[in-house]
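**Q** So for the sequence shown, full-length UniProt numbering puts the first residue at 1; every next one is plus one.
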Amino acid sequence: MEIDQNQEQEMAEISNVYDPEPAVPALKENSTIAIAFQVLRSEVHKYRTKNELENFNPEELHTSLREKLPDLPTSIYDTIEEYVKKLGLSVENWLKEHYKRVLFFHYGRRNYVLYDFDDFVSDSAGGIDYVKTAERMVRCDRFNNAVKFKVACMYCFEDDVRRIWPSVWKEVGLDQIQFDDCPQLYYWICRLSKQLDKIPLRQEDDSIDGKMFNACIRSSGTSWEYFWNRLSPDIQLQKALDMVYGGEKGELILRK
1 MEIDQNQEQE MAEISNVYDP EPAVPALKEN STIAIAFQVL RSEVHKYRTK NELENFNPEE
61 LHTSLREKLP DLPTSIYDTI EEYVKKLGLS VENWLKEHYK RVLFFHYGRR NYVLYDFDDF
121 VSDSAGGIDY VKTAERMVRC DRFNNAVKFK VACMYCFEDD VRRIWPSVWK EVGLDQIQFD
181 DCPQLYYWIC RLSKQLDKIP LRQEDDSIDG KMFNACIRSS GTSWEYFWNR LSPDIQLQKA
241 LDMVYGGEKG ELILRK
């Protein structure tokens, strides 16, 4: 059977959308991304040195660009500015996500985590690669073990979770959080302390792993994949159908 031009184009578009391995950026893009990250680190360092990180606004990161690169031709400047804007928005979203989900409340203010960490890893588009950045956080000497444990739990880095647990079990307990605050952290504390019965199941929850998958699907990172792989093939199929047809009142949304 011959495939006409329209069908061929449709197949190409589908392949592009669902390709699990996106193309590696060209050297020019990599260089531009590297410049954007250098601008970020320079600005964070400036605010950190002045002890004014609470005033750092990632979404305004691009406004410092002309001062740092005053002699660039307009065409090159515009390209770099585009990537710096994209990175600034990505950092803003990362800070919101982690202040809420990793429970950095002890820093007092959301941006204060940048006093201890700015070693971000880029994804192929020039934003923050959440998973690779989290791997660096778990190995960052400036974080105490409690913070490392929370990060490892959020991303379900099981080896790190089990490695750190013996040093934090006395200070990280269920009395400090609710399930909805950070389901991943709650789950791992329950699992490692042999209290899985404390995880609140509703009548419609098929299992603990199924409940955790539903809870984690809205999160960034790898945790939803961890629980997906713990589900039986039949439950995986049902979850997939739920997502295609709306699932829990249309609330299941795959996020990067």
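Ideal Cβ positions, reconstructed from N, Cα and C, are used throughout, including at glycine.
My output table needs one value for N128: the three-state DSSP class, helix, strand or coil.
**A** Asn is not the amino acid found at residue 128; the sequence shown has Ile there. Here I128 sits in strand by DSSP.
**Q** Compute the Euclidean distance between the alpha carbons of residue 260 and G210, then round it to the nearest angstrom.
**A** With the chain covering 1 to 256 only, the question about residue 260 has no answer from this structure.
**Q** Look up S223 in the DSSP assignment and give the residues it is bridged to.
**A** The partner list for S223 (beta bridge, DSSP) is empty, contrary to what the question assumes.
**Q** Please look up how many angstroms separate the CB atoms of L27 and L87, rounded, as I've assumed it's under 8 Å.
**A** Incorrect: roughly 18 Å between the Cβ atoms, too far for contact.
**Q** Taking 8 Å as the cut-off, decide whether the C-beta atoms of S232 and Y155 are in contact.
**A** no
**Q** For S122, which of helix, strand or coil comes out of DSSP?
**A** Strand.
**Q** Could you check the C-alpha separation between D242 and D197 for me, to the nearest Å?
**A** 26 Å
**Q** Classify I208 as helix, strand or coil using the three-state DSSP reduction.
**A** Correct three-state label for I208: helix.
**Q** For F37, which residues of its own chain have a beta-carbon under 8 Å away from its beta-carbon, when the five flanking residues on both sides are left out?
**A** Excluding residues within five positions, the ones whose Cβ falls inside 8 Å are L87, F120 and S122.
**Q** Step through the CB atoms of chain B and report whether any lies within less than 8 Å of the CB of V102.
**A** In summary, chain B is missing from the structure at hand, where a single protein chain is found.
**Q** How would you write the range of the alpha helix (DSSP H) that V44 sits in, first residue to last?
**A** L27 to T49
**Q** Taking the alpha-carbon of K85 as reference, which of G126, K100, L95 and P70 has the nearest alpha-carbon?
**A** G126
**Q** For I161 and E225, what's the separation of their Cα atoms in angstroms?
**A** Looking at the sequence shown, residue 161 is not Ile but Val. Each residue's Cα considered, the two are about 16 Å apart.
**Q** Once you ignore the five residues that flank E13 on each side, which residues in its own chain have a CB closer than 6 Å to its CB?
**A** Confidence at E13 is low in this model, with a pLDDT of 44, below 50, so its placement is unreliable and the value that follows should be read with caution. Cβ neighbours of E13 beyond the five flanking positions: none.
**Q** Under 6 Å Cβ to Cβ from P58, same chain only, skipping five residues before and after it: list those, please.
**A** G88, V91 and E92
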